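S.K.: I have a structure I would like to understand better, so I am pasting it below and will then ask my questions one at a time.
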Amino acid sequence: LIAEAALAIKLECTAEELAETIHAHPTLSEAVMEASFDVLGEPVHKI
Numbered sequence: 048l049i050a051e052a053a054l055a056i057k058l059e060c061t062a063e064e065l066a067e068t069i070h071a072h073p074t075l076s077e078a079v080m081e082a083s084f085d086v087l088g089e090p091v092h093k094i
């Protein structure tokens with residue numbers, strides 16, 4: 048999780064770019080994808 052976040056910061060990724068990155072399932076890195084989509088107002092698994 049730290050590596051993905053550090054790389055996103057280094058590359059100055061937007062929330063949209065981070066959300067559209069492929070995330071393996073099931074992994075904790077999916078939390079990064081979910082958070083990115085939530086920032087964009089498009090949560091995937093939020094009720």
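All residue numbers for the sequence shown refer to my numbering, where the first residue is 48 and numbers rise by one. The beta carbon of each residue, even a glycine, is placed where N, CA and C say it ideally should be. This one's a predicted model, so the numbers in the text were calculated from it and none came from an experiment.
(1) Among Ala71, His70, Glu63 and Ala50, which residue has its Cα nearest to the Cα of glycine 88?
(2) How would you label alanine 53, buried or exposed, when you count the other beta carbons within 10 angstroms and need 16 or more for buried?
(3) Measure the beta-carbon distance from leucine 58 to valine 79 and round it to whole angstroms, keeping in mind my assumption that it falls under 8 Å.
(4) For glutamate 63, name the three-state secondary structure that DSSP assigns.
M.R.: Inspection of the coordinates gives the following:
(1) Glu63
(2) exposed
(3) Not a contact, Cβ separation roughly 14 Å.
(4) The answer is helix: DSSP assigns glutamate 63 an H, G or I state.
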